[in-house]
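Reviewing the structure listed below.
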Amino acid sequence: MNTANDNLVKPTTWQDTEHDFPTALVWNLKKISASMASESTSNFTAQPSHADPLTSCKDEDFLRVKFYLSIIYSLIFLVCFPGNIVTIFVYFAKMRPWKSSTVIMLNLAITDLLYVVTLPFFIHYFANGNNWIFGNFMCRFIHFCFYFNMYSGIIFLSCFSIFRFLVVVYPIKCLFLQKRRWAVVTCIVIWMISLVALSPLAILIAPRHKQNRTICPDLTDAGDLDTSRWYNWVLTVFAFFLPLLTVTLCYVLIIYTLATGPHTGGCYKQKARRLAVVLLVVFYVCFLPFHIFRGVRLELRVQPAPCHLKKTIFLVFIMTKPLAALNIFGNLLLYVVSGDNFQQAILSLLKFRTNKNLKQKRLMP
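Here the numbering used here is used: position 198 in the sequence shown is 198, and no number is missing along the way.
Next comes the structure, spelled out in structure tokens:
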């Protein structure tokens, strides 16, 4: 016991063990190694693998970037709100009787309008420094509208592409698809599928308090991380990549069929190419980056990674959200190039307004 106490008071030094240099060297190396391992373990414990960039990294940069999102969403609202109002009015007032493609486009415009009317809440949220003041229900509702617009729109565009493909490639066999009731049934099914598929968002997304602010998180910041990851991959595979493959194949086959058809007019080919370009731009430019970086963002939340990498991925993901919202611009252009006499209906509406104004001026004293 006395020997042990003496060793504690007087630690062993190299001079005490100079008669056995290898033993002393090994002893000191073990001591240094143990100290480094202890420090490494302490650092790893301080930064757990489930640490989130918003909690383990400073988020001032994110708040600055999100401030600019209010400007982007404001521009989208100013253009797309009146644009979709006019589109729906034209479909109801100027394009009856409806064809199958007209019914699908009308439903697409309604889902776009449903999302656009929620943009003022996003604008206020980002301009207010990510401080949510509209309550629990509205937080869940606006995120639901965002995803409902995205995925119901993706399915509507996929069905529109399938209808076009069948009518162009198999015009005789699929003549029945031109009847309106098939499009009505299809749209009802799409609305029901979208509502059921996106209902988990009401559970996964909930406001939370942080640093004197109320955060309204996205799916990537949901508290139940494991369920969010699983749900994200289901949505990404079945509600995006499968429709993406469907739309791409449909328009490749449509363009090939029209290019090799002996009796296809040049105007019809050009219209099909324009339609394909608009649809593929919406899918590949608006939707694809969002889905890629949403998945990467969720996976990085459970993987040990440098803070700067998590910041970069989260920053890019934030910028892809308004890019995904820009699909509404693409849809407005799609209504024009899709045919169905939409251009003539718009011109007829403008002509009617012009004639009405001229008559009013003539009646004025």
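Glycine is no exception: its CB is placed at the ideal position from the N, C-alpha and C atoms.
For a test of the three-state rule: what should DSSP assign to residue i, helix, strand or coil?
i: Ile-133; result: coil
i: Gly-153; result: helix
i: Tyr-335; result: helix
i: Leu-25; result: With a pLDDT of only 41 at Leu-25, under the threshold of 50, the placement of this residue in the model should not be trusted, and no figure is reported.
i: Cys-307; result: helix
i: Met-192; result: helix
i: Leu-326; result: coil
i: Ile-72; result: helix
i: Leu-349; result: helix
i: Met-95; result: coil
i: Ala-222; result: coil
i: Cys-174; result: coil
i: Lys-269; result: helix
i: Lys-321; result: helix
i: Asn-341; result: coil
i: Leu-358; result: Summary for Leu-358: the model assigns pLDDT 49, below 50, so the residue's position carries little reliability; its value from the coordinates is reported in the next sentence. Helix.
Given residue i, which residues of its chain have a CB within under 8 Å of its CB, disregarding the five upstream and five downstream residues?
i: Gly-153; result: Leu-108, Thr-111, Asp-112, Asn-327 and Asn-331
i: Phe-77; result: Val-116, Leu-119, Pro-120 and Ile-123
i: Val-282; result: Leu-157, Asn-327, Gly-330, Asn-331 and Leu-334
i: Val-278; result: Gly-330, Leu-333, Leu-334 and Val-337
i: His-143; result: Leu-201, Ile-205, Cys-216, Asp-218 and Leu-219
i: Pro-322; result: Leu-69, Ile-72, Tyr-73 and Ile-76
i: Ala-239; result: Tyr-151, Ile-154, Ile-155 and Ala-197
i: Arg-294; result: Leu-219, Thr-220, Asn-232, Thr-236, Phe-317 and Thr-320
i: Ile-88; result: Leu-106, Ala-109, Ile-110 and Leu-113
i: Leu-225; result: His-50, Leu-298, Arg-301 and Val-302
Whole-angstrom Cβ separation of residue i and residue j, contact assumed at under 8 Å?
i: Asn-130; j: Ile-215; result: 6 Å
i: Met-105; j: Ala-324; result: That pair is no contact at about 20 Å.
i: Val-168; j: Leu-258; result: 7 Å
i: Met-138; j: Asn-341; result: Their Cβ separation, rounded to whole angstroms, is 39 Å, which puts Met-138 and Asn-341 out of contact at 8 Å.
i: Val-296; j: Ile-313; result: 5 Å
i: Phe-81; j: Phe-126; result: The Cβ separation is near 18 Å, so there is no contact.
i: Leu-298; j: Asn-232; result: 5 Å
i: Val-161; j: Cys-250; result: The sequence given here places Ser at residue 161; Val does not occur at that position. Contact flag correct, Cβ pair sits at about 4 Å.
i: Arg-180; j: Ile-254; result: The pair is not a contact, with the Cβ atoms about 22 Å apart (cut-off 8 Å).
i: Thr-248; j: Leu-280; result: 7 Å
i: Ile-188; j: Cys-159; result: Rounded, the Cβ-Cβ distance is 12 Å, inconsistent with contact.
i: Ala-183; j: Ser-100; result: 4 Å
i: Trp-132; j: Pro-243; result: Not really, about 31 Å apart at Cβ, beyond 8 Å.
With DSSP as the reference, identify every bridge partner of residue i, one or two as the case may be.
i: Thr-388; result: Any property of residue 388 remains undetermined from this structure, which presents the chain solely from 1 to 365.
List the endpoints of the continuous alpha helix (DSSP H) containing residue i.
i: Tyr-125; result: 119-127
i: Ile-110; result: 100-116
i: Gly-295; result: 288-300
i: Tyr-251; result: 242-260
i: Asp-226; result: 225-236
i: Leu-204; result: 201-204
Just to confirm my understanding: we take residue i, look at its own chain, exclude 5 residues before and 5 after, and list those with CB closer than 7 Å. What are they?
i: Leu-380; result: As displayed, the chain neither begins before 1 nor continues past 365, which places residue 380 out of reach and without an answer.
i: Leu-166; result: Cys-174 and Leu-177
i: Asn-84; result: Ala-109, Asp-112, Leu-113 and Val-116
i: Asn-128; result: none
i: Phe-290; result: Thr-320, Lys-321, Leu-323 and Ala-324
Going by beta carbon distance, what residues of the same chain come within less than 6 Å of residue i, once the five residues before and after it are set aside?
i: Tyr-284; result: none
i: Arg-140; result: Ala-202 and Ile-205
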